[in-house]
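Undergrad: Handing you this structure, nothing more for now.
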Amino acid sequence: MSHILHRMLSKTYPTAAGGEGMVLRDRDGREHIDASGGAAVSCLGHGHPDVLAAMHAQIDKLAYAHTSFFTTDAAEELADHLIARAPAGMESVYFCSSGSEAIEACLKLARHYFVEKGETRRVNFISRRQSYHGITLGALSVGGRMKDRAPFEQMLMQGHHISPCYEYRGRRADETSEEYALRVADELEAKILELGPETVCAFVAETVVGATLGAVPAAPGYFKRIREICDRHGVLLILDEVMSGMGRTGTLHACEQEGIAPDLMAIAKGLGGGYAPIGAMLASKRVVEAVRQGSGVFPHSQTYVGHPLACATALAVQQVIERDDLLANVRRQGARLEQRLRERFGNHHHVGDIRGRGHFWGVEIVADRSTKMPFDPALKLNARIKQAAQERGLLIYPMGGTADGTAGDHVLLAPPFIIDAATVDTIVERLGDALDASLASARPA
Ligand code: PMP
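Okay, so the sequence shown: first residue is 11 according to the numbering used here, each after it adds one.
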């Protein structure tokens, strides 16, 4: 019996034993194509020699030094690298070990910024339904995945949620994409006015929605309007690029494609590419300067802040991505992946929507294409697809629909940036087989 407290207590898992490139190997020697990079983490695939060499070099030098005594070259160099390539106005980096912690840091620095400015009534965060921002209590408070929140609801910070920008289900037939984008963005302004602008701290959103909906980019113009609304009311904009950032959508930051910059941004998964547990908050000069001019203290720190091994590892990952121009491959193979998905599933009876960017694609499965009605969640179609795919040597990241029918089951594809054309084709073929087999098994006999 395993003594690991897995999320699913009664489930057993194969043991991962090794991996090279796009492939993970289990203890029985079976190979699995890693088409979701874990949970959109792996960007260089497994066992990249240059990353391993950088890790060895750092561990030979220094594994750890507490930041109340020292800074380190590894952390300083990674911070310089990130700020040189960050969205406009970014000045400082706070390193942590996960995406949830990066979000916690954003929430706390946003609040602290207003305390420093004497605007102490600003305590409210506004975020979106069907979002995921992490699993710790603060991150859960702004998150919109109800099943994660439910047991803890009474102990969360009060959340204020508006609609997601989810065109497939939200746009009315009489609206253009642009009109829809403005309509849902304007919900933010209405919520700010309802709460009172002097009480609102920040708006938090994933630039491209990941775990809850499966790679849903905003409709054109949405984030520009959001930025304007935040500025009009002195509200900070926190972008969560934990999943969608660090090259996943074909540009280093997903917000580059929206033509806006946030005040605070959370990054994680692709930062270390799975080679080290590392996340970060990027903070703008405007925010940091207010703290510098004020108390000069951000009262938030953790034991493993700026861990040298994690930082050296992430720097190596980022340098390889740049040296090998892998974002060009993300754009090239991402276009092929989209084309193959549309060929295979565009007319599929049970595929309602195919959406995404770069190496970040979602396929939403529905019982009825014309009404967009999801399958009954009791069928656990997502779990069947995951299982059927794994039996075919394919790792994908499927998620269930919501019980209230506001989203269907979906599959998230997020392959490493090193993928080649033949592997793109294999992924789509195996996914097609797995989906058809799962649908057949879910149908009443
Ligand atoms: N934000 C987003 C958008 C995420 O996708 C995730 C992880 N799925 C998190 C935050 C939390 O990251 P972690 O699991 O590393 O705490």
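For every residue, glycine included, the Cβ atom is placed at its ideal position computed from N, Cα and C.
#1: Use the C-beta contact count for K71: other C-beta atoms within 10 angstroms, 16 or more gives buried, fewer gives exposed.
#2: Quick one: what's got a C-beta closer than 8 Å to I69's C-beta in the same chain, skipping five residues either side?
#3: Tell me, to the nearest whole angstrom, how far the beta carbon of H171 is from that of D250; I am working on the premise that it is less than 8 Å.
#4: When you compare the CB positions of G368 and R242, do they come within less than 8 Å of one another, or not?
#5: Could you tell me the alpha carbon to alpha carbon distance between E86 and E268, rounded to whole angstroms?
#6: Is it buried or exposed for T82, if we count other Cβ within 10 angstroms and need 16 for buried?
#7: Where does I270 fall in DSSP's three states?
#8: So is T381 buried or exposed if we call it buried at 16+ other beta carbons inside 10 Å?
#9: Going by other Cβ atoms of all chains shown within 10 Å of its Cβ, with 16 needed for buried, is E374 buried or exposed?
#10: Counting C-beta neighbours from all protein chains within 10 Å, is the total for A212 16 or more, i.e. buried, or is it exposed?
#11: Residues bridged to D363 by DSSP?
#12: Within a Cβ cutoff of 8 Å, which residues of the same chain sit near L325, ignoring the five residues on either side of it in sequence?
#13: Tell me which same chain residues have a C-beta within less than 6 Å of the C-beta of D363, skipping the five on either side of it?
#14: Based on the DSSP output, what are the partners of N392 in its beta bridges?
#15: Tell me the residue span of the alpha helix (DSSP H) that contains L351.
#16: Using only the alpha-carbon positions, how far apart do L205 and M32 sit?
#17: Using a Cβ-Cβ cut-off of 8 Å, state whether L391 counts as contacting chain D.
#18: Would you give the residue range spanned by the alpha helix (DSSP H) that E251 belongs to?
TA: Straight from the coordinates:
#1: exposed
#2: L319
#3: So it is not a contact: roughly 14 Å between Cβ atoms.
#4: no
#5: 29 Å
#6: buried
#7: coil
#8: exposed
#9: buried
#10: buried
#11: E374
#12: A64, A84, E87, L88, H91
#13: Y178, E374
#14: DSSP lists no partner for N392.
#15: 336-355
#16: 48 Å
#17: Among the chains of the structure shown, chain D does not appear; only one protein chain is present.
#18: Unbroken run through E251 is the beta strand (DSSP E), 246-251; no alpha helix (DSSP H).
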